[in-house]
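Some notes on the structure that comes next.
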Amino acid sequence: MNATIAFDLDGTLIDSVGHIHHGVSQALEEMDLPPISRDDTQGFVGRGLPILLQQVLDHIGAPQAHHAELSRRTMEHYVGTPSDPASVYPGARDALSALKAQGYRLTLCTNKPIEATRAALRDTGLDGFFDIVVGGDSLSTRKPDPEMLFAALDGAENALYVGDSETDAETAQRGKVAFLLYTEGYRKTPVEALPHTARFSDFTDLLALVQRYL
672 MNATIAFDLD GTLIDSVGHI HHGVSQALEE MDLPPISRDD TQGFVGRGLP ILLQQVLDHI
732 GAPQAHHAEL SRRTMEHYVG TPSDPASVYP GARDALSALK AQGYRLTLCT NKPIEATRAA
792 LRDTGLDGFF DIVVGGDSLS TRKPDPEMLF AALDGAENAL YVGDSETDAE TAQRGKVAFL
852 LYTEGYRKTP VEALPHTARF SDFTDLLALV QRYL
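Numbering (the numbering used here), first residue to last: 672 to 885.
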């Protein structure tokens, strides 16, 4: 089995907060609910759309009874508005290309709903890199439950997980998978407080790290 590297998406490969915030904001406006700032939206990213929208409703003081409609409208706007190819973090595309060229199998493990994930990958031109894509509604559980990560790694004995957040660090720890922490994403906790095998802030360093730990 090829050595496999599973990646998170939001905050790891793409800076998607602006796109997510747009979808949520449009949905809130249509429902005559109070707005939310981009910074607050970023603070809620990482545990999947259902939890993000729960937190949004709590933040604006609206009842959770709005959750289903807010989710439907947010998804309509998110999927209906193309992701900006410029949202891919600098160097990420070249790093993925280099890893593929070296024969590594690349997969994706994200709490973003699968429909939104596939749309984001298509719009940003990243869809051709990943052999397996596991989204937040692909299984009955989400990260930090490690089952999503196990599905993305597909039995690989030599494996790494690359992510940016507290959720990713916990997922890797619970799954006993080596974890590379991208420090420029949506993490709120100090780097030193998160369990990780190694860290990087520049995607030009990723190939060397992978070769060291795989």
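For every residue, glycine included, the Cβ atom is placed at its ideal position computed from N, Cα and C.
It should be emphasised that the depicted structure is a prediction, and the values quoted were computed from it without experimental measurement.
In the three-state reduction of the DSSP assignment, Thr752 falls in the coil class. Ile676: member of the beta strand (DSSP E) spanning Thr675 to Phe678, first to last residue. A residue is called buried once 16 or more other Cβ atoms fall within 10 Å of its Cβ, and Pro784 is buried on that count.
Partner residues in the beta bridge of Val759, as assigned by DSSP, are Ile685. Looking only at Leu820, Thr683 and Thr752, the smallest Cα-Cα distance to Gly807 is reached by Leu820.
Assigned with DSSP and collapsed to three states, Gly774 falls in coil, not helix or strand. Under a 10 Å Cβ-count criterion, Gln773 is classified as exposed, with fewer than 16 other Cβ atoms of the shown protein chains found around its own Cβ. Residue pairing by DSSP leaves Val848 without any beta bridge partner.
Note: Ile803 is bridge-paired with Thr778 in the DSSP secondary-structure output.
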